[in-house]
Amino acid sequence: MTQTVPTPAPRIVVGVDGSSSSKRALAWGLFMARTTGSALEAVTAWQNPTSWTGVADDWDPVAEARAMLTACCAEVLGDDQPSDLRLTVLEGPATAALLSAGTGARMLILGSRGHGGFAGLLLGSVSAACAEHAACPTLIIHGDDLPPGPTPAGRPTPKPGEEGAR
Numbered sequence: 002m003t004q005t006v007p008t009p010a011p012r013i014v015v016g017v018d019g020s021s022s023s024k025r026a027l028a029w030g031l032f033m034a035r036t037t038g039s040a041l042e043a044v045t046a047w048q049n050p051t052s053w054t055g056v057a058d059d060w061d062p063v064a065e066a067r068a069m070l071t072a073c074c075a076e077v078l079g080d081d082q083p084s085d086l087r088l089t090v091l092e093g094p095a096t097a098a099l100l101s102a103g104t105g106a107r108m109l110i111l112g113s114r115g116h117g118g119f120a121g122l123l124l125g126s127v128s129a130a131c132a133e134h135a136a137c138p139t140l141i142i143h144g145d146d147l148p149p150g151p152t153p154a155g156r157p158t159p160k161p162g163e164e165g166a167r
């Protein structure tokens with residue numbers, strides 16, 4: 002008897018760092034996942050600080066990253082979270098983690114600037130590197146536009162400087 006192994010659903014991978022830009026990318030990720038019949042995967046990365054000075058002995062970077070990712074998904078997607086939503090926390094530099102997560106994905110979606118960017122830059126270093134090196138199509142979300150239709154959580158994603166924006 003031949004056993005059939007189910008083919009995993011194509012994925013839309015979204016980089017999330019808690020910034021308002023990444024929250025808009027998450028809203029676009031949900032739209033693209035639904036439009037293409039893909040699963041949605043929200044990815045964040047963490048790495049050890051270059052200096053451990055001032056870091057609490059009980060610091061749990063994985064738990065902190067997962068809490069941020071969970072909070073962002075709750076804020077942006079609200080009750081509209083897909084049942085197959087996957088939250089992924091990876092250790093390492095953001096660019097390497099996102100490029101790895103994007104392998105085999107239908108699309109990688111990123112905000113144009115995340116935390117740590119300089120206000121004058123139009124494209125952050127992570128999003129620029131991912132756009133150049135990703136093995137899948139990459140969508141960089143610029144500006145404040147949200148996807149067509151109602152917003153996932155029924156309210157607009159905060160813009161930089163607004164209450165709730167990080």
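When we follow this note's numbering, the leftmost residue of the sequence shown carries the number 2, and every step to the right adds one.
Here a beta-carbon is modelled for each residue, glycine too, at the ideal position from N, C-alpha and C.
Please read these numbers as outputs of a predicted model, since none were measured by experiment.
The C-beta distance from residue 74 to residue 106 rounds to 18 Å, too long to meet the 8 Å contact threshold.
Its Cα nearest to that of residue 131, the residue 104 stands out among 146, 104, 69, 148. Separation of the CB atoms of residue 25 and residue 147 is rounded to 6 Å, and the pair is thereby assigned contact status at 8 Å.
Each residue's CA atom was taken as its position, placing residue 18 and residue 4 some 40 Å apart. For residue 12, there is no enclosing alpha helix (DSSP H); the enclosing beta strand (DSSP E) covers residues 12–16.
Residue 14 has its alpha-carbon roughly 11 Å from the corresponding atom of residue 135. Annotation: residue 60 to residue 66 spans about 11 Å, alpha carbon to alpha carbon. In terms of CA proximity to residue 12, 40 leads the group 40, 23, 21.
In the DSSP annotation of this structure, the continuous segment of the alpha helix (DSSP H) that includes residue 103 starts and ends at 95–103. For the 8 Å CB-CB criterion, residue 78 and residue 31 form a contact.
By a beta-carbon distance limit of 8 Å, residue 112 contacts residue 128. Their separation comes to about 7 Å. For the 8 Å CB-CB criterion, residue 90 and residue 45 form a contact.
Within the same chain, and ignoring the five residues on either side of residue 142 in sequence, the residues whose Cβ sits closer than 8 Å to its Cβ are 22, 25, 26, 29, 110, 111, 112, 113. Rounded to the nearest whole angstrom, the C-alpha separation of residue 35 and residue 150 is 12 Å. The straight-line gap separating the alpha-carbon atoms of residue 97 and residue 47 is approximately 11 Å. Between residue 86 and residue 71, the CB-CB gap reaches or exceeds 8 Å. Exposed is the label assigned to residue 84, since fewer than 16 other Cβ atoms lie within 10 Å of its Cβ.
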